[in-house]
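Peer 1: The sequence shown lines up with residues 29 to 399 when you count with the numbering used here.
Ideal placement from N, C-alpha and C gives every residue a C-beta, glycine not left out.
Would you mind keeping the following structure in view while I ask a few things?
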Amino acid sequence: MNFRYEMPTSIYFGRNVIRDNADVFHRAGKKALLVTGQSSAKKNGSLQDIIWSLEKKGVTYVLFDEVEENPSLETIERGATIGSRENADFIIGIGGGSPMDAAKAIAVFIQNPSVTKETIFKQGSLSALPVIAVATTAGTGSEVTPYSIVTVNAEKTKKNLGQRVFPVAAFLDSKYTEALPVDITVNTAVDAFTHLVEGYLNTNSNQMSDLYAEEGFALFASCFPKLLQQQFDASFREAVLYASMLAGMVIAQTGTSLPHGMGYALTYHKGLSHGAANGILTSEYLKIFKNQTKLERMLSLLKLESIQKLEEILKRLMPVKVLITEQEIEAYASAFLANKAKRKNHPEEIGLEEILQIYKNSLLGFRSFSI
Ligand code: NAP
Ligand code: ZN
């Protein structure tokens with residue numbers, strides 16, 4: 029046995045964990061920049077609970093509530109300008125992956141005032157202000173990963189910021205996810221599932237990451253039927269949030285691989301949600317995977333007989349239509365081949381032919397291909 033395992037984030041999971049652990053905020057700093065999307069944090073009670081805890085402990089704050097889905101570097105710079113001007117000494121990201129990732133990037137920009145959106149990808153490793161993450165989707169697992177995925181309009185794609193910012197603390201209370209609409213519930217759950225898949229079948233997987241991934245697959249054996257029946261009761265919400273957190277802990281060790289790297293183009297150019305973009309590619313990805321040992325173990329934990337059964341589930345969950353041309357697919361495939369980091373995480377030889385095959389069969393398979 030030989031592995032490295034890193035998880036420096038303190039995790040608070042359960043009902044009312046924010047109000048019950050107000051001390052955490054007091055220990056993180058004196059003035060918080062709260063980073064949220066435009067409306068959900070105000071509606072689902074998470075922002076209110078944070079403000080209650082900050083006020084209880086005499087921690088002041090300023091709110092930046094402009095984060096869009098798939099946050100752009102432009103928005104992140106705006107948030108950093110406000111945080112610097114207001115002398116924030118820690119950041120609280122509240123929401124789905126978009127505000128949590130934006131919070132991490134803002135924490136880097138505030139700590140390094142000379143870094144800009146033009147220079148960030150050329151920097152070595154940078155420090156960041158402390159970040160606390162509150163997850164309100166289940167989800168990205170961003171609350172327990174060091175990654176920040178940002179939209180780079182200058183390059184017409186999404187990319188990892190390239191800095192490692194593990195939140196100092198993560199709060200997961202499934203009550204905030206109870207009002208999630210059906211489509212976001214499904215797409216974010218599928219995202220969590222793809223993290224388990226790509227982390228489990230990964231060059232960097234190890235005993236610890238596999239332990240969490242296998243627990244995650246076992247949870248999805250009961251979450252998939254509930255997703256199909258839209259039976260979103262409190263026990264489902266808690267189980268899928270837990271599975272999403274475990275999946276985050278997996279990719280924190282391993283990174284993601286082909287579906288994520290290939291899905292970014294479908295989000296940037298075709299507007300697919302992050303979860304749908306990965307989910308649509310996953311069954312074809314699994315079909316080209318040669319080593320059957322882990323695949324079989326995964327299917328048995330999912331209580332599924334074959335990849336085809338999984339494919340049926342994913343197709344029913346995501347009846348997505350994408351209008352796309354062969355030329356677009358070829359352009360995305362060539363761009364992806366240049367993404368060495370994601371390819372490196374895939375443990376088998378892979379070339380342009382396989383990438384094209386995954387894109388074409390996935391999009392054809394969803395009856396959405398048009399020339
Ligand atoms: P999201 O983009 O954060 O949010 C999607 C939508 O859900 C928004 O309209 C948001 O509204 C709404 N929403 C969030 N929480 C809600 C709640 N509790 N109730 C009702 N609506 C709610 O979605 P996401 O899928 O969680 O995050 C996707 C982003 O995370 C992508 O950019 C992806 O690349 C990134 N990601 C990061 C990692 C990582 O490790 N860092 C891993 C995977 C994915 P508001 O805008 O009003 O809040
Ligand atoms: Zn993801």
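Is it the case that the CB of asparagine 306 approaches a heavy atom of the ligand ZN more closely than 7 Å?
Peer 2: Within the cutoff, so yes.
Peer 1: Take the Cβ of phenylalanine 31 as the centre, count every other Cβ of all protein chains shown within 10 Å, and call the residue buried at 16 or more, exposed below.
Peer 2: Phenylalanine 31 comes out exposed.
Peer 1: Alpha carbon to alpha carbon, how far is glycine 86 from threonine 310? Give it in angstroms, no decimals.
Peer 2: Distance between the alpha carbons of threonine 310 and glycine 86 is about 47 Å.
Peer 1: Check the C-beta distance from threonine 216 over to alanine 280 and give it rounded, since I have them as a contact under 8 Å.
Peer 2: Incorrect: roughly 18 Å between the Cβ atoms, too far for contact.
Peer 1: Tell me whether histidine 297, by its Cβ, gets closer than 7 Å to a heavy atom of the ligand NAP.
Peer 2: No, the ligand NAP has no heavy atom inside 7 Å of this Cβ.
Peer 1: What three-state label does DSSP hand lysine 41 in the structure shown?
Peer 2: A small fix is needed here, since residue 41 is phenylalanine in this sequence, not lysine. Of the three classes helix, strand and coil, the one that applies to phenylalanine 41 here is strand, per DSSP.
Peer 1: Which one or two residues does DSSP pair with serine 100 in a beta bridge?
Peer 2: Thr179.
Peer 1: Under 8 Å between the Cβ atoms of serine 285 and histidine 374?
Peer 2: Contact flag set, yes.
Peer 1: Quick one: is the Cβ of valine 219 within less than 7 Å of any heavy atom of the ligand ZN?
Peer 2: Per the sequence shown, the amino acid found at residue 219 is aspartate instead of valine. Indeed, a heavy atom of the ligand ZN lies less than 7 Å from the Cβ.
Peer 1: Since glycine 276 contacts serine 170 with CB under 8 Å, what's their CB separation in whole angstroms?
Peer 2: Indeed, because the Cβ distance is near 7 Å, the residues count as touching under 8 Å.
Peer 1: As an exercise, report each continuous beta strand (DSSP E) stretch of at least 3 residues that is fully enclosed by the region 41-93, in chain order.
Peer 2: Taking only runs of at least 3 residues, the beta strand (DSSP E) segments lying wholly in the region 41-93 are 59-64, 88-92.
Peer 1: Thinking C-beta only, is valine 162 closer than 8 Å to isoleucine 122?
Peer 2: Yes. Within cutoff.
Peer 1: Kindly provide the ranges of any alpha helix (DSSP H) runs that are 4 or more residues long and lie completely inside the region 105-155, ordered along the chain.
Peer 2: Counting whole runs of 4 or more residues, the region 105-155 contains the alpha helix (DSSP H) stretches 125-139.
Peer 1: With a threshold of 7 Å, establish whether the CB of glutamate 34 neighbours any heavy atom of the ligand NAP.
Peer 2: No, the beta carbon of glutamate 34 sits no closer than 7 Å to any heavy atom of the ligand NAP.
Peer 1: Return the Cβ separation of methionine 346 and glycine 307 in integer angstroms, given the expectation that the two are a contact with Cβ distance under 8 Å.
Peer 2: That pair is a contact at about 5 Å.
Peer 1: Quick one, are the C-beta atoms of threonine 168 and glycine 125 less than 8 Å apart?
Peer 2: Yes. Within cutoff.
Peer 1: For a test of the three-state rule: what should DSSP assign to isoleucine 160, helix, strand or coil?
Peer 2: Of the three classes helix, strand and coil, the one that applies to isoleucine 160 here is strand, per DSSP.
Peer 1: Give the C-beta separation of threonine 103 and glutamate 97 to the nearest angstrom, bearing in mind that I take them to be a contact with Cβ-Cβ under 8 Å.
Peer 2: Not a contact, Cβ separation roughly 11 Å.
Peer 1: What's the C-alpha gap between threonine 413 and alanine 246?
Peer 2: No statement about residue 413 is possible, as the shown extent of the chain runs from 29 to 399 and does not include it.
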